[in-house]
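Trainee:
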Amino acid sequence: MDLRFSDAEEAFRRELRDWLEAELSGPFREVRGRGGPGDEHHAIDERRAWERHMGRAGWSCVGWPRAYGGRDATLHEQVIFHEEYARARAPGRLGHIGETLLGPTLVAFGTEAQKQRFLPPIVRGDELWCQGYSEPDAGSDLANVRTRAELRDGAYRVTGQKVWTSLAHIADFCFVIARTDPGSVRHKGLSYLLVAMKQPGVEVRPIVQMTGTSEFNEVFFDGARCEPEHVVGELHDGWRIALATLAFERGASTLGQQLAFENELREITDLARANGRAREPAMRQRLAHAWMGLRIMRLGALRTLSTMQGGQLGREAMIAKLYWATWHRELGKLAMDVLGDEAELAEGAPYQLTGLQRLFLFTRSDTIYAGSNEIQKNLIAERALGLPPEPKGPVPGRP
Ligand SMILES: Cc1cc2nc3c(=O)[nH]c(=O)nc-3n(C[C@H](O)[C@H](O)[C@H](O)COP(=O)(O)OP(=O)(O)OC[C@H]3O[C@@H](n4cnc5c(N)ncnc54)[C@H](O)[C@@H]3O)c2cc1C
Numbered sequence: 001m002d003l004r005f006s007d008a009e010e011a012f013r014r015e016l017r018d019w020l021e022a023e024l025s026g027p028f029r030e031v032r033g034r035g036g037p038g039d040e041h042h043a044i045d046e047r048r049a050w051e052r053h054m055g056r057a058g059w060s061c062v063g064w065p066r067a068y069g070g071r072d073a074t075l076h077e078q079v080i081f082h083e084e085y086a087r088a089r090a091p092g093r094l095g096h097i098g099e100t101l102l103g104p105t106l107v108a109f110g111t112e113a114q115k116q117r118f119l120p121p122i123v124r125g126d127e128l129w130c131q132g133y134s135e136p137d138a139g140s141d142l143a144n145v146r147t148r149a150e151l152r153d154g155a156y157r158v159t160g161q162k163v164w165t166s167l168a169h170i171a172d173f174c175f176v177i178a179r180t181d182p183g184s185v186r187h188k189g190l191s192y193l194l195v196a197m198k199q200p201g202v203e204v205r206p207i208v209q210m211t212g213t214s215e216f217n218e219v220f221f222d223g224a225r226c227e228p229e230h231v232v233g234e235l236h237d238g239w240r241i242a243l244a245t246l247a248f249e250r251g252a253s254t255l256g257q258q259l260a261f262e263n264e265l266r267e268i269t270d271l272a273r274a275n276g277r278a279r280e281p282a283m284r285q286r287l288a289h290a291w292m293g294l295r296i297m298r299l300g301a302l303r304t305l306s307t308m309q310g311g312q313l314g315r316e317a318m319i320a321k322l323y324w325a326t327w328h329r330e331l332g333k334l335a336m337d338v339l340g341d342e343a344e345l346a347e348g349a350p351y352q353l354t355g356l357q358r359l360f361l362f363t364r365s366d367t368i369y370a371g372s373n374e375i376q377k378n379l380i381a382e383r384a385l386g387l388p389p390e391p392k393g394p395v396p397g398r399p
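So for the sequence shown, the working numbering puts the first residue at 1; every next one is plus one.
#1: Below 8 Å CB to CB, which residues in the same chain sit around Q114 once its five sequence neighbours on both sides are set aside?
#2: To test your reading of the DSSP string, which unbroken alpha helix (DSSP H) runs of 4 or more residues are found completely within the region 257-302?
#3: Of the residues F360, A346, A320, T307, which one's Cα is nearest the Cα of V338?
#4: Inspect the beta-carbon positions of S372 and S140 and report whether they are closer than 9 Å.
#5: Does DSSP put L345 in a helix, a strand or coil?
#6: What separation, rounded to the nearest whole angstrom, lies between the Cα atoms of H53 and F28?
#7: Alpha carbons only, please: which of L101, R298, A370, L265 is nearest the one belonging to C174?
#8: Which whole-angstrom value describes the C-beta separation of G311 and L16, a residue pair presumed to lie in contact below a C-beta threshold of 8 Å?
#9: Could you tell me the distance, in whole angstroms, from the CA atom of G256 to the CA atom of E83?
#10: Which residue marks the beginning of the alpha helix (DSSP H) containing Q131, and which one marks its end?
#11: Just confirm the distance between the C-beta atoms of E77 and V62, as a whole number of angstroms; I'd bet it's less than 8 Å.
#12: Near A138, which residues of its chain fall below 8 Å by C-beta distance, leaving aside the five closest residues on each side in sequence?
#13: Excluding the five sequence neighbours on either side, which residues of its own chain have a C-beta within less than 7 Å of the C-beta of P136, listed in chain order?
#14: Please name the residue, chosen from T213, A325, E249, that lies closest to T367 on a Cα-to-Cα basis.
#15: Could you tell me whether any non-hydrogen atom of ligand 1 is closer than 8 Å to the CB of A260?
#16: Can you tell me where the alpha helix (DSSP H) holding Y85 begins and where it ends?
#17: Shorter than 8 Å, the distance from the beta carbon of F216 to the closest heavy atom of ligand 1, or not?
#18: For R315, I'd like the list of residues in its chain whose CB is within less than 7 Å of its CB, leaving aside the five on either flank, ordered along the chain.
#19: Among L151, F109, F221, G103, which residue has its Cα nearest to the Cα of W438?
#20: Note down, in chain order, each residue of its chain lying with its Cβ closer than 7 Å to the Cβ of G69, except the 5 sequence neighbours on either side.
#21: Can you tell me whether Q161 is helix, strand or coil according to DSSP?
#22: Would you kindly work out how many angstroms separate the C-alpha atoms of L387 and N378, rounded to a whole number?
#23: Could you please give the first and the last residue of the uninterrupted beta strand (DSSP E) stretch that includes V204?
#24: Identify which residue in A22, V204, H328 has its Cα closest to the Cα of S365.
#25: If you count every other CB in all the chains shown that lies within 10 Å of the CB of M292, and 16 or more means buried, which is it?
#26: Please state whether the Cβ-Cβ distance between A290 and L243 is less than 9 Å.
#27: Which ranges would you report for the alpha helix (DSSP H) in the region 337-390 if only whole runs of at least 4 residues count?
#28: Within its chain, find whatever has a CB closer than 7 Å to the CB of Q352; leave out the 5 residues flanking it on each side and keep chain order.
#29: Ligand 1 and Y351: does the residue's C-beta get closer than 8 Å to at least one heavy atom of that ligand?
#30: For V185 and V158, which I take to be in contact (beta-carbon distance under 8 Å), what is that distance rounded to the nearest angstrom?
#31: Helix, strand or coil for E112 per DSSP?
#32: Skipping 5 residues on each side, what residues in its chain have a beta carbon closer than 7 Å to that of N217?
#33: Work out the CA separation of F248 and A274 for me, nearest whole Å.
#34: Run the proximity test for L194: is its beta-carbon closer than 8 Å to any non-hydrogen atom belonging to ligand 2?
#35: Is the beta carbon of G125 sitting closer than 9 Å to the one on G154?
#36: T354 to A272, Cα distance in whole Å?
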C-alpha cells in the first residue's frame, strides 16, 4: 500500500495551489472563506463570477474528460483538487451539483446531444443545477417518489412536489426523478428528467433553516415542461441512473474534504488556547480526539485511493460518509463547548451568527443528507459486509 502522491500529482497540486493563492489574494479576496455551510446565502453574484472565472482558467470540472471541457484528472488528482480548494479557503461552490453529480451522470449515460447541450455551460459556470430527488414521503425511501411526468403535446409535463432541494432558488436546471409509468410502483417506472427551473409551472419556496438562511427549498412542479430528448437513459429506467448519481455524490470530493475540516478544527483549537479552555484536561482530550479523528479520516482516504482497482473505489470507501458526517457533527458541538456561554449569544437580532455558531447548526444536517447515518449503516451491512438485507414489509413478531 503506497500512501503517497506521485511527483506528477504533487506538480498538479503546486500549480493549483499557486493559482488559487493568486486569485484569492487578488480579485476574489472578498469571497475567500465565505459561502460554506450555514453561509451559503453570502455573495451569490460574486460566487457566480468565481464559478465562471474557474471555468475560464480550466479549473472547473477537472475530473471530466477533456472532450467535454475537463482535464481528465485522475481520482487522485481530483482528491488533490478538493484538498487544495479547502486549504485555500476558496468559496463554497455554487456549481458543485452540476459538476459532481449531473455531469458525471451525463458523461456515463447521456446521449451525445445531451452532453453537447448541458456539459459546456456547467464547465463555463454559466448554468447551475439542483437535485430533485427527495419528496415529503420519499427521503430515505426514495423509491416512493410520487412526482409524475406525462407526455402531452409533444413534451413531458411534470407535476408534483420536491423538498429539501439545495440551491433550487438560484439553479437554472434540476434533474428530477419522476414517475413516467402511471401504473408503476416503487423503483420501477421512474425516469430521470432534465427540467428547466425558469419556466411557468415551477415554483420555488425557500425553507428557512436553523441558521436563519435558506440553502434548500420546496419545489412545486405544476405541468412544467421537459423535452422528450431530455430524458436521461431509457424511459422508465431512471432508478438505475438515479443510483449512479448517488454513487458520484460519495466520490472524490468527500475524500478531499479533510483539509476544510482541518481549518475548522484549527480555529476551534486557537479559540480554546485564547480563552483558556485548552487548559482543562477534559477539553484537551476532546480536542486531541477530534485531531485523531481527522488523521484517521485522512489515512482512510489515502488507503481507499491506494487500494482502488480498475478505477473503482473498494468496499472500505463505504464507511467514509458515516465517519466524516459523525465526526463533523461532533466538531460542531465541540465548537460550542469551547465557546462556552458565548455560544448562546448572537451579536445582533435576529440571527446574526458567527461562523462557529453556523458550523454547529449546519453540522446537525451532515448525518442526514446524502444518505442518513442509519441508511449508511444499512448499506455497509448489506453491500460491504454481505449481511442479510433489511426486512421489507411487516417484520415477524412486530405489530
Ligand atoms: C442540508 C440538506 C440538503 C439536502 N439537499 C437535498 C437536495 O438537494 N436534493 C434532494 O433531493 N434532497 C436533499 N436533501 C434531503 C435528504 O436527501 C433527505 O433528508 C434524506 O434522504 C433523509 O430523508 P428524510 O429527510 O425524508 O428522512 P426520513 O427518510 O423520513 O428518515 C427519518 C429518520 O428515519 C431513519 N430511517 C429511515 N429509513 C430507515 C431505515 N430503513 N432503517 C433505519 N433508519 C431509517 C433515517 O435515518 C432518519 O433518522 C437534503 C437534506 C439536507 C439535510
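Every residue, glycine too, gets a C-beta built ideally from N, C-alpha and C.
Mentor: This is what the structure holds:
#1: For the purposes of this step, residue 114 is taken as residue 114 along the sequence shown, with counting starting at 1. These residues qualify, in order along the chain: L106, L194, E229, H230, V232.
#2: Counting only unbroken stretches of 4 or more residues, the alpha helix (DSSP H) elements lying wholly within the region 257-302 are 258-275, in sequence order.
#3: Residue numbering aside, residue 338 sits at position 338 when the sequence shown is read from its first letter. Considering only alpha carbons, the answer is F360.
#4: As a working note, residue 372 is residue 372 in the sequence shown. As a working note, residue 140 is residue 140 in the sequence shown. Yes; because the gap between Cβ atoms is below 9 Å, this pair is in contact.
#5: The residue labelled residue 345 in the question sits at position 345 within the sequence shown. The answer is coil: DSSP assigns L345 none of H, G, I, E or B.
#6: Taking the first residue of the sequence shown as position 1, residue 53 is located at position 53. Taking the first residue of the sequence shown as position 1, residue 28 is located at position 28. Straight-line Cα distance between these residues: approximately 10 Å.
#7: Position 174 of the sequence shown, counting from 1, holds the residue named residue 174. Ranking L101, R298, A370, L265 by Cα distance to C174 puts L101 first.
#8: As a working mapping, residue 311 is identified with position 311 in the sequence shown. As a working mapping, residue 16 is identified with position 16 in the sequence shown. The beta-carbon separation of G311 and L16, rounded to 22 Å, does not stay under the 8 Å limit for a contact.
#9: For this step, residue 256 is matched to residue 256 along the sequence shown. For this step, residue 83 is matched to residue 83 along the sequence shown. Taking the straight line from one Cα to the other gives about 5 Å.
#10: Numbered from its first residue, the sequence shown carries residue 131 at position 131. Counting along the chain, Q131 falls outside any alpha helix (DSSP H), though it belongs to the beta strand (DSSP E) covering 129-132.
#11: Residue numbering aside, residue 77 sits at position 77 when the sequence shown is read from its first letter. Residue numbering aside, residue 62 sits at position 62 when the sequence shown is read from its first letter. About 7 Å; that satisfies the 8 Å criterion.
#12: Here residue 138 refers to the residue found at position 138 of the sequence shown. Closer than 8 Å at the Cβ level, and outside the excluded window around A138, lie N144, V145, R146.
#13: The residue you call residue 136 lines up with position 136 of the sequence shown. Correct list, in chain order: Q161, V163.
#14: Position 367 of the sequence shown, counting from 1, holds the residue named residue 367. Closest by alpha carbon: A325.
#15: What you label residue 260 is simply residue 260 of the sequence shown in a count that begins at 1. A260: no, Cβ never under 8 Å from ligand 1.
#16: In the sequence shown, the residue the question calls residue 85 occupies position 85. It spans 75-87 - the alpha helix (DSSP H) in which Y85 sits, taken as one unbroken run.
#17: Within the sequence shown, numbered from 1, the residue matching residue 216 stands at position 216. Yes.
#18: Translated into the one-based positions of the sequence shown, residue 315 becomes position 315. For R315, where only same-chain residues beyond five positions count, the Cβ hits under 7 Å are A384.
#19: The chain is shown only over 1 to 399; residue 438 falls outside these bounds and no answer can be derived.
#20: Working through the sequence shown from its first residue, we reach residue 69 at position 69. Excluding sequence neighbours, G69 sits near C61, L119, P120, V123.
#21: Residue 161 sits at position 161 when you count from the first residue of the sequence shown. It is a strand residue.
#22: Residue 387 sits at position 387 when you count from the first residue of the sequence shown. Residue 378 sits at position 378 when you count from the first residue of the sequence shown. Using only the alpha carbons, I get a separation of about 9 Å.
#23: Translated into the one-based positions of the sequence shown, residue 204 becomes position 204. Counting along the chain, the unbroken beta strand (DSSP E) around V204 starts and ends at 202-206.
#24: Indexing the sequence shown from 1 puts residue 365 at position 365. Among A22, V204, H328, the Cα nearest to that of S365 belongs to H328.
#25: The residue labelled residue 292 in the question sits at position 292 within the sequence shown. Exposed, by the Cβ-count rule.
#26: Reading the sequence shown from its first residue, position 290 is the one you call residue 290. Reading the sequence shown from its first residue, position 243 is the one you call residue 243. The answer is no: Cβ separation not under 9 Å.
#27: 355-363, 373-379
#28: Here residue 352 corresponds to residue number 352 of the sequence shown, with the count starting at 1. Excluding five sequence positions before and after Q352, the CB atoms of its chain that fall closer than 7 Å to its own CB belong to A346, given in chain order.
#29: Residue 351 sits at position 351 when you count from the first residue of the sequence shown. It does not: the Cβ of Y351 is nowhere closer than 8 Å to a heavy atom of ligand 1.
#30: Translated into positions along the sequence shown, residue 185 becomes position 185. Translated into positions along the sequence shown, residue 158 becomes position 158. Not really, about 19 Å apart at Cβ, beyond 8 Å.
#31: For the purposes of this step, residue 112 is taken as residue 112 along the sequence shown, with counting starting at 1. Under the three-state reduction of DSSP, E112 is assigned to helix.
#32: By one-based count along the sequence shown, residue 217 stands at place 217. Cβ within range, chain order: T165, A168, H169, V204, R205, P206, I207.
#33: As a position in the sequence shown, residue 274 is number 274, starting the count at 1. As a position in the sequence shown, residue 248 is number 248, starting the count at 1. Using only the alpha carbons, I get a separation of about 41 Å.
#34: Although ligand 2 was asked about, the structure shown includes only ligand 1 as ligands.
#35: Numbered from its first residue, the sequence shown carries residue 125 at position 125. Numbered from its first residue, the sequence shown carries residue 154 at position 154. Not in contact: G125 and G154 (Cβ atoms no closer than 9 Å).
#36: Taking the first residue of the sequence shown as 1, we reach residue 354 at position 354. Taking the first residue of the sequence shown as 1, we reach residue 272 at position 272. Going from the Cα of T354 to the Cα of A272 covers about 16 Å.
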